[in-house]
Amino acid sequence: MADELLNLTCKQLRDKITAGTVTSVTAVEAVFAQIEALDDKVGAYISTYKDRALEAAQTIDRKIATGKSTGPLAGVPVAIKDNMCTDFGETTCGSKILENFQAPYNAHVIEKLRAADAVLIGKTNLDEFAMGSSTENSALKQTLNPWDLGSVPGGSSGGSAAAVAARMCFAALGSDTGGSIRQPAGFCGVVGLKPTYGRVSRFGLVAYGSSLDQIGPVTGNVTDAALMMNVIAGHDKRDSTSVSNDMAPVCNYLEKLNEDVKGLKIAIVPEFNAGADQNVQNALTSALDVYKNLGAQIIEVKMPHLDYAIAAYYLIATAEASSNLARYDGVHYGHRTENPADYVEVYSKSRAEGFGAEVKRRITLGTYALSSGYYDAYYLKALKVRNLIRTDFTKTFKEADCIIMPTSPTTAFKLGEKIEDPLQMYLADIYTIAANLAGLPAISIPCGLDKANLPIGLQILSPAFTEKKLLRIARMFEGKTDYHNKKPVFQL
Amino acid sequence: MAKKIDETQVRRVAKLARLDLTDDEVARFSTQLSAILGYVEKLNELDTDSVEPLAHCLPMHNVFREDVITESLDTELALRNAPQHFESFFKVPKILDEDSGA
Chain A
27 MADELLNLTC KQLRDKITAG TVTSVTAVEA VFAQIEALDD KVGAYISTYK
77 DRALEAAQTI DRKIATGKST GPLAGVPVAI KDNMCTDFGE TTCGSKILEN
127 FQAPYNAHVI EKLRAADAVL IGKTNLDEFA MGSSTENSAL KQTLNPWDLG
177 SVPGGSSGGS AAAVAARMCF AALGSDTGGS IRQPAGFCGV VGLKPTYGRV
227 SRFGLVAYGS SLDQIGPVTG NVTDAALMMN VIAGHDKRDS TSVSNDMAPV
277 CNYLEKLNED VKGLKIAIVP EFNAGADQNV QNALTSALDV YKNLGAQIIE
327 VKMPHLDYAI AAYYLIATAE ASSNLARYDG VHYGHRTENP ADYVEVYSKS
377 RAEGFGAEVK RRITLGTYAL SSGYYDAYYL KALKVRNLIR TDFTKTFKEA
427 DCIIMPTSPT TAFKLGEKIE DPLQMYLADI YTIAANLAGL PAISIPCGLD
477 KANLPIGLQI LSPAFTEKKL LRIARMFEGK TDYHNKKPVF QL
Chain B
39 MAKKIDETQV RRVAKLARLD LTDDEVARFS TQLSAILGYV EKLNELDTDS
89 VEPLAHCLPM HNVFREDVIT ESLDTELALR NAPQHFESFF KVPKILDEDS
139 GA
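Those sequence lines, one after another, are chains A and B.
Numbering of the first sequence is given in our numbering, commencing with residue 27 and proceeding in unit increments.
Numbering of the second sequence is given in our numbering, commencing with residue 39 and proceeding in unit increments.
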């Protein structure tokens, strides 16, 4: 019974709750039973809030019992990546420097989820300040991949993806700066959508790379991603990069979701895809066959600058990070060193004690790229290459509705495999980074399992603000396949 | 081959970033960041002389709002996470010497 309940989609659960056939309290209890059974092993959550969640669930159940109207996520248990501010509990960013930080306000997306009557159940683990591709950079705990407890869940939204995969929530929010929603979604066999830059307000999201960061949903299926987008997308004047409704109207992402896109043209970049391992390439080929059978036309294109995306990204993102993370000064909030010798030590020792290795590495690299004498050679050069990458996309989208490529070159790698070699870790982001540099929407959906029974992600990218069509394209594939219904089997 | 970024440069940059790195971290970062900077050299394969830099992707420039007073964060809440505070101020160690004349 509990298993049956946990296998419902958000939409199915919401419908049952509003129809009064299941209560939100039952759903929250089922989710917490799952967390209590599994999360000692998986480690998806940094903090959970059972009492608060049950109280919120009771309120929603009462609303329904008394015939009051409810929101589109009525009673559905949702998890939040712990780099989004909540006015309850801590917002740690997986960092020692914010371990005890209690945000004084809610992020925009939290307000939106609340208004939609979602039940917030906990905050999920991440690479410290969202910097990483394996969640191993969390200073607070380790998260394992529910499909193989010896492998990483991906990152940086590894906790959110693992929680959805292990059915320890019905949906989660992640953030994506260079693939941090899509790559863990791919590694954990779930759906992850990075919306267009500006589509979802980042007010209350702890900043990492401000020209790249975007919040998006991690869900068990495409329909739930559309449902979550209906809740979180839209203008917010508190984020000056949030686009107005005049510029890009929000839409109902569920409308026509199950209608195939007629005359679909898909671009692929064979030279770029050749870098993926054989299992991943085979799954990609099979996925393209599914689309061909649906009448889609596949066009081979060249996008010569994609190969430079990682190099440009790790200069731009670290430069922005070095500036954004200057705010952790041991003065206003966060960790302060004990007995500093002078005021400079308040900064330099607080930061040294509070930040982990990857954060220090990126701040150092970013400061170097921006420093006098290196700015033109590194940072400015990277911004120019960024423009070339965007131009590649503009050209391709004149010929095709979307581009399909792998989410990652491999399936989930082993714990510890890349953590000592930062460059190897960065190269794992080869397929996801370009969407951030170009500000485009991109989704990862499950498209198979490799020989070791680990999930493979299929990535679809589309022009700015075409999430509605992107979700329909993803749903076409999901409607013809069963990969999204595969669940990890636990051997505890 | 000389490292792209030697230990002296790592120390200089860390000082700019107000990061008190240990000797071990300096040595490790010099090696790791040199490898990363070696990789990003590939950007120089591209001729970008006539390319404009792209700092961010939206066709938006200045975003203005009406200059009116709105609600802001309550003082008590703003100070709640401060390592130290005194009345309505953030408290820090003394930043000037006794004989600095300040």
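Heads up, the beta-carbon is just placed ideally off N, CA and C, and yes, glycines get one too.
- Buried or exposed: N163(A), going by 16 or more other Cβ atoms within 10 Å of its Cβ? Counting from 1 along the first sequence, the entry for residue 163(A) is found at position 137. Burial call: buried.
- Item | Test: K80(B) CB closer than 8 Å to a CB of chain A | Reading the second sequence from its first residue, position 42 is the one you call residue 80(B). Judged by the 8 Å Cβ criterion, K80(B) is in contact with chain A.
- Message: So V232(A) contacts chain B; which residues on that side make the cut at Cβ distance below 9 Å?
- Response: As a first step, residue 232(A) must be located in the first sequence, where it is residue number 206. Residues of chain B passing the Cβ test: none, with the nearest at roughly 13 Å.
- Close beta carbons around L96(B), own chain, < 8 Å, minus the five adjacent residues each side: Start at 1 with the first residue of the second sequence, and residue 96(B) comes out as number 58. Correct list: empty, nothing qualifies.
- Item | Burial state of R88(A) (16 or more Cβ within 10 Å) | Indexing the first sequence from 1 puts residue 88(A) at position 62. Exposed, by the Cβ-count rule.
- Item | Coarse secondary structure for M431(A), derived from DSSP in three states | On the first sequence, residue 431(A) is found 405 positions in, with the first residue counted as 1. If DSSP states are grouped into helix, strand and coil, M431(A) belongs with the strands.
- Going by DSSP, which residues form a beta bridge with P103(A)? If you number the first sequence from 1, residue 103(A) lands on position 77. According to DSSP, P103(A) bridges with V145(A).
- Using 8 Å as the limit for Cβ to Cβ distance, is A140(B) near chain A? As a position in the second sequence, residue 140(B) is number 102, starting the count at 1. Confidence is the limiting factor: at A140(B) the pLDDT is only 48, short of 50, which leaves the residue's position unreliable, though a coordinate-based value still follows. For A140(B), the answer is no, since every Cβ of chain A falls outside 8 Å of its Cβ.
- Message: When you compare the stretch 430-445 of chain A with the stretch 99-113 of chain B, are there three or more beta-carbon pairs, one atom per stretch, that lie closer than 8 Å?
- Response: no
- Cutoff 8 Å: A40(B) Cβ touching any chain A Cβ: Translated into the one-based positions of the second sequence, residue 40(B) becomes position 2. For A40(B), the answer is no, since every Cβ of chain A falls outside 8 Å of its Cβ.
- Query: Within the 8 Å Cβ cut-off, does A65(B) reach chain A?
  - Reply: Here residue 65(B) refers to the residue found at position 27 of the second sequence. Judged by the 8 Å Cβ criterion, A65(B) is not in contact with chain A.
- Message: For the beta strand (DSSP E) containing E326(A), name the first residue and the last one.
- Response: As a working mapping, residue 326(A) is identified with position 300 in the first sequence. Segment 323-326, the beta strand (DSSP E) holding E326(A).
- Do S72(B) and K41(B) have their C-beta atoms within less than 8 Å of each other? Taking the second sequence and counting its residues from 1, the one referred to as residue 72(B) is at position 34. Taking the second sequence and counting its residues from 1, the one referred to as residue 41(B) is at position 3. Taking 8 Å as the Cβ cut-off, S72(B) and K41(B) qualify as a contacting pair.
- DSSP bridge partner residues for L231(A) (one or two, in chain order): On the first sequence, residue 231(A) is found 205 positions in, with the first residue counted as 1. According to DSSP, L231(A) bridges with M110(A).
- Query: How would you list, in chain order, the residues of chain A whose beta-carbon sits under 7 Å from the beta-carbon of H94(B)?
  - Reply: Here residue 94(B) corresponds to residue number 56 of the second sequence, with the count starting at 1. Within 7 Å Cβ-Cβ: S237.
- Burial state of F127(B), where buried means 16 or more other Cβ atoms lie within 10 Å: Locating residue 127(B) in the second sequence gives position 89, where the first residue counts as 1. Burial call: exposed.
- Query: In chain A, what lies closer than 8 Å to D58(B) by C-beta?
  - Reply: Working through the second sequence from its first residue, we reach residue 58(B) at position 20. Correct list: E371, S374, K375, R377, A378.
- Query: Where DSSP assigns a beta bridge to Y71(A), which residues make up the other side?
  - Reply: On the first sequence, residue 71(A) is found 45 positions in, with the first residue counted as 1. Its beta-bridge partners are T150(A).
- Message: Run through chain A and tell me which residues come within less than 9 Å of E90(B), C-beta to C-beta.
- Response: Indexing the second sequence from 1 puts residue 90(B) at position 52. Within chain A, the residues near E90(B) are L409, K410, N413.
- Item | S470(A) in three-state terms, based on DSSP | As a first step, residue 470(A) must be located in the first sequence, where it is residue number 444. Strand.
- Message: Looking only at its chain, what residues have a beta carbon closer than 8 Å to the beta carbon of Y401(A), apart from the 5 residues adjacent to it on each side?
- Response: Translated into the one-based positions of the first sequence, residue 401(A) becomes position 375. Once the five neighbours on either side are set aside, the close Cβ partners of Y401(A) are A395.
- Query: Leaving out the 5 sequence neighbours to the left and right, which residues in its chain are closer than 7 Å to A140(B) when beta-carbon positions are compared?
  - Reply: As a first step, residue 140(B) must be located in the second sequence, where it is residue number 102. Confidence in A140(B) is poor, its pLDDT being 48 and thus under 50, which makes the residue's placement too unreliable to answer from.
- Message: Quick check on Q240(A): does DSSP put it in helix, strand or coil?
- Response: Reading the first sequence from its first residue, position 214 is the one you call residue 240(A). Q240(A): strand per DSSP, three-state reduction.
- Query: Beta carbon of R193(A), beta carbon of L39(A): below 8 Å?
  - Reply: For this step, residue 193(A) is matched to residue 167 along the first sequence. For this step, residue 39(A) is matched to residue 13 along the first sequence. Going by C-beta atoms, R193(A) is not nearer than 8 Å to L39(A).
- Message: Would you say H519(A) lies against chain B (beta-carbon separation less than 8 Å)?
- Response: Since the first residue shown for chain A is 27 and the last is 518, residue 519(A) is missing from the structure and cannot be characterised.
- Run through DSSP, which three-state label would A140(B) get? In the second sequence, counting from the first residue as 1, residue 140(B) sits at position 102. Confidence at A140(B) is low in this model, with a pLDDT of 48, below 50, so the placement of that residue should be treated as unreliable; the coordinate-derived value is given next. In this structure, A140(B) counts as coil in the three-state DSSP scheme.
- Item | Reduced DSSP secondary structure (H/G/I, E/B, other) of F102(B) | Position 64 of the second sequence, counted from the start, is the residue given in the question as residue 102(B). Of the three classes helix, strand and coil, the one that applies to F102(B) here is coil, per DSSP.
- Completely contained alpha helix (DSSP H) runs for the stretch 256-330 of chain A, where each covers 4 or more residues: 296-299, 304-319
- Can you tell me which of the three DSSP states T245(A) falls into? One-based indexing of the first sequence puts residue 245(A) at position 219. Residue state, collapsed to three classes: strand.
- At a CB-CB cut-off below 8 Å, which residues of chain A make contact with F128(B)? Here residue 128(B) refers to the residue found at position 90 when the second sequence is read from its first residue. Those are V357, H358, listed as they occur along chain A.
- Task: List the DSSP bridge partners of G483(A).
- Result: Indexing the first sequence from 1 puts residue 483(A) at position 457. Paired residues: P472(A).
- Message: I'd like to know if M157(A) contacts chain B, where contact means its C-beta is closer than 8 Å to some C-beta of that chain.
- Response: In the first sequence, counting from the first residue as 1, residue 157(A) sits at position 131. False, the Cβ-Cβ gap to chain B never drops below 8 Å.
- Check whether the Cβ atoms of E425(A) and K282(A) lie closer than 8 Å to each other. Working through the first sequence from its first residue, we reach residue 425(A) at position 399. Working through the first sequence from its first residue, we reach residue 282(A) at position 256. Cβ distance not < 8 Å, so E425(A) and K282(A) don't count as in contact.
- Task: Using a Cβ-Cβ cut-off of 8 Å, state whether V48(B) counts as contacting chain A.
- Result: Counting from one through the second sequence, the residue named residue 48(B) turns up at place 10. For V48(B), the answer is yes, since a Cβ of chain A falls inside 8 Å of its Cβ.
- From K288(A) to S470(A), what does the alpha carbon distance come to, in whole angstroms? Numbered from 1 along the first sequence, position 262 holds the residue referred to as residue 288(A). Numbered from 1 along the first sequence, position 444 holds the residue referred to as residue 470(A). If I take the Cα positions, the gap works out to 21 Å.
- Message: Please classify N479(A) as buried or exposed, where buried requires at least 16 other C-beta atoms within 10 Å of its C-beta.
- Response: Start at 1 with the first residue of the first sequence, and residue 479(A) comes out as number 453. Exposed, because fewer than 16 other Cβ atoms sit within 10 Å of the Cβ of N479(A).
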